[in-house]
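This report concerns only the one structure given below.
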Amino acid sequence: MAVPGNPAIEEDAEEHERDGPTHHPSAPAHEFFDLSTTVDPSYIISLIRKLLPLDSGSLHGVVSKGPSQGLVTDNDDKEGDAPSSAPICNDDRVGLSKNKHENMDVDDESCESSHALGEYQDKSDGFERSGDSVREDEWEEYGCILWDLAASKTHAELMVENLILEVLLANLNDCKSMRVNEVSIGIIGNLACHEVLMKCIVSTKGLIEMIVDRLFLDDPQCLCETSRLLTVGLQSDESISWAEALQSEHVLCQILWIAENTLNLQLLEKVAGLILAILESRQKVVDDLLPPMMKLGLANILINLLTFEISKLASDRIPESLVEYLLLQKTFCLSVIDGHSQEICSNKELFHLACNLVKFTDKVEVGNCCVTAAVLIANILSDVDRVSEISQDWCLLGGLLDIFPFASDDLEARNAIWSVLARILVRIHETEMNSSSLCHFVLVLVRRIDLIEDELLNQQCVDYSPGSTADTRNTSLVRIISIVNQWTAVREEAENNGNAETFVSETDVKKLLDCCHKFSK
Numbered sequence: 001m002a003v004p005g006n007p008a009i010e011e012d013a014e015e016h017e018r019d020g021p022t023h024h025p026s027a028p029a030h031e032f033f034d035l036s037t038t039v040d041p042s043y044i045i046s047l048i049r050k051l052l053p054l055d056s057g058s059l060h061g062v063v064s065k066g067p068s069q070g071l072v073t074d075n076d077d078k079e080g081d082a083p084s085s086a087p088i089c090n091d092d093r094v095g096l097s098k099n100k101h102e103n104m105d106v107d108d109e110s111c112e113s114s115h116a117l118g119e120y121q122d123k124s125d126g127f128e129r130s131g132d133s134v135r136e137d138e139w140e141e142y143g144c145i146l147w148d149l150a151a152s153k154t155h156a157e158l159m160v161e162n163l164i165l166e167v168l169l170a171n172l173n174d175c176k177s178m179r180v181n182e183v184s185i186g187i188i189g190n191l192a193c194h195e196v197l198m199k200c201i202v203s204t205k206g207l208i209e210m211i212v213d214r215l216f217l218d219d220p221q222c223l224c225e226t227s228r229l230l231t232v233g234l235q236s237d238e239s240i241s242w243a244e245a246l247q248s249e250h251v252l253c254q255i256l257w258i259a260e261n262t263l264n265l266q267l268l269e270k271v272a273g274l275i276l277a278i279l280e281s282r283q284k285v286v287d288d289l290l291p292p293m294m295k296l297g298l299a300n301i302l303i304n305l306l307t308f309e310i311s312k313l314a315s316d317r318i319p320e321s322l323v324e325y326l327l328l329q330k331t332f333c334l335s336v337i338d339g340h341s342q343e344i345c346s347n348k349e350l351f352h353l354a355c356n357l358v359k360f361t362d363k364v365e366v367g368n369c370c371v372t373a374a375v376l377i378a379n380i381l382s383d384v385d386r387v388s389e390i391s392q393d394w395c396l397l398g399g400l401l402d403i404f405p406f407a408s409d410d411l412e413a414r415n416a417i418w419s420v421l422a423r424i425l426v427r428i429h430e431t432e433m434n435s436s437s438l439c440h441f442v443l444v445l446v447r448r449i450d451l452i453e454d455e456l457l458n459q460q461c462v463d464y465s466p467g468s469t470a471d472t473r474n475t476s477l478v479r480i481i482s483i484v485n486q487w488t489a490v491r492e493e494a495e496n497n498g499n500a501e502t503f504v505s506e507t508d509v510k511k512l513l514d515c516c517h518k519f520s521k
């Protein structure tokens, strides 16, 4: 039988538990972190300290405070007071100099040991290997933890407040280790994903230039992270500052050289994304960077890369569709930019590459690429008349119809497909075609009657203004009706003469005609 407790005693116990034990007093108010996170802020700060270069001259004016108070600058009090609540971005928070040598306390024991014993040794990779100094593998471990934590905005802001950018800049300045460079750039890349911190990155003197210099390292992973970071920068509100760091012909030439020569698919993807970010950035960035890139052969490089990627289809190998998609997107962007579209649209090889991609039968693997290729074809045909080269290509006609399901949520792409179809169909002179050609044309359409019907039903919900794509769709439907009627007449004549070759289901033909009549004006 349970013994009831004393309510007064229980109430006192609960109150005591809330207040905490008196022999463990609460920390001073200025040491509390107002952060909603499961990661102890002092742990993050300790990780930042462990990334500090052992060459104390790399960071001037930064000293260490208590384990829960982070890193502060010379502008803060030297007597151990709490750091002031300055905004995250503060250009005066730290001064960087390689010519001044004021020691930074990283860890009391390790610093004392290394300073007292005089065991500092100059190493080519920027790491000290003697005493208790941090080895490269340990630096990598701490850096990778911060790399992951930087994906969180709360953690990222805490890192920037505690001078992670200055610490990483010092490492990039001093360390020749490829892995350290990769991790440093990776951390900055995650920090850059938070728009409020992008301003801090841009305002850190010398950091953007140091990042751009990483493009000249001979390491694929470093180049991948650098390209990713530059892409994020060009997509941000600070894109002009990043573009200014890239506008040197030497730098642009290096970007194009990497794209043209790398055999690393991941790196090709990242560099392709970087070039695409340039083309899709604000107008000033495009105006500053695109002309010199075109002079350096951007258009030819894109076409050569596309040729290589699409050639994989001929050998029954599925290409890296993301790489191919990015290349197509870049080419598409160039095809609509004033002053540069003619160079792209007049390229016959590019036109046939796009057509071959549209004709690829297994579109499940490269559906998005085919959609972009169809839009590119529409842009080319609007500038250069190449319709005569494809007006009798029934495989291309069928391929265009097959793309509709992959563009179901992309109205612009569907409109582009109807535009290409209309241009092809108006060039077909059905009265001059033999019965075999007419039969092939009707078979292409009949086999895709469900795709056509679904697309026309989807288009019902779209409001078109006069002179818009509704005209090209209506033109296509009227031409289909005319060509199918011509085939019907030819078939009946052939049947009467006993010369009928191929029979198409009359039910399917009727369904096709009814559908076209229903949705045509």
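Position 493 of the sequence shown, counting from 1, maps to 493 under UniProt numbering, and the rest follow consecutively. Note that beta-carbon positions come from the ideal geometry of N, C-alpha and C, so glycine has one too.
* Classify valine 371 as helix, strand or coil using the three-state DSSP reduction. => helix
* Compute the Euclidean distance between the alpha carbons of residue 526 and threonine 431, then round it to the nearest angstrom. => The requested residue 526 does not occur in the structure, where the chain is confined to residues 1 to 521.
* Asked: Given a threshold of 16 other Cβ atoms within 10 Å of its Cβ, counted over all protein chains shown, does glutamate 506 qualify as buried or as exposed?
  -> exposed
* Asked: With 16 other CB atoms within 10 Å as the buried threshold, where does proline 53 fall?
  -> buried
* Where leucine 396 and valine 375 are concerned, what is the direct C-alpha to C-alpha distance, given to the nearest angstrom? -> In a straight line, the C-alpha of leucine 396 is about 14 Å away from that of valine 375.
* To do: Enumerate in chain order the residues of its own chain whose CB-to-CB distance from aspartate 508 is below 8 Å, with the five nearest sequence positions on each side excluded.
  => Val446 and Ile449
* For serine 236, the nearest candidate out of Leu252, Lys295, Ser281 and Leu215 (CA to CA) -> Ser281
* **Which listed residue (Arg214, Pro291, Ile145 and Ser152) has its alpha carbon closest to that of serine 177** => Arg214
* **Reduced DSSP secondary structure (H/G/I, E/B, other) of arginine 135** => Note: arginine 135 maps to coil in three-state DSSP.
* Residue of Gln459, Ser419 and Arg491 minimising C-alpha distance to serine 440 -> First, the amino acid is wrong: residue 440 is histidine here, not serine. Here the closest residue by C-alpha is Arg491.
* **Cβ-based burial, leucine 411 [other Cβ within 10 Å; buried from 16]** => exposed
* **Local conformation of lysine 511 per DSSP, three classes** => helix
* Asked: If you check the beta carbons only, do glutamate 249 and proline 292 fall under 8 Å apart?
  -> yes
* Just the Cα atoms here: how many angstroms apart are glutamate 182 and leucine 229? -> 11 Å
* **cysteine 439 - DSSP class collapsed to helix/strand/coil** => helix
* Between the Cα of arginine 179 and those of Leu197, Asp137 and Glu166, spot the shortest distance and give me the residue it belongs to. => Each of Leu197, Asp137 and Glu166 was checked against the Cα of arginine 179, and the nearest Cα belongs to Asp137.
* **C-alpha distance - glycine 80 paired with serine 42, whole-angstrom precision** => Confidence is the limiting factor: at glycine 80 the pLDDT is only 37, short of 50, which leaves the residue's position unreliable and the question unanswerable from this model.
* Asked: Which parts of the region 243-291 are runs of the alpha helix (DSSP H), unbroken and 4 residues or longer, counting only runs that do not cross its ends?
  -> 249-261 and 265-279
* To do: Please list, in chain order, all residues of the same chain as leucine 268 whose beta carbon is under 6 Å from its beta carbon, the five residues on each side excluded.
  => Thr262 and Val323
* **Other residues of its chain near valine 371: CB distance less than 7 Å, five sequence neighbours each side excluded** => Ile403, Phe406, Ala407, Asp410 and Ala413
* **Through-space distance from threonine 307 to leucine 165, alpha-carbon basis** => 41 Å
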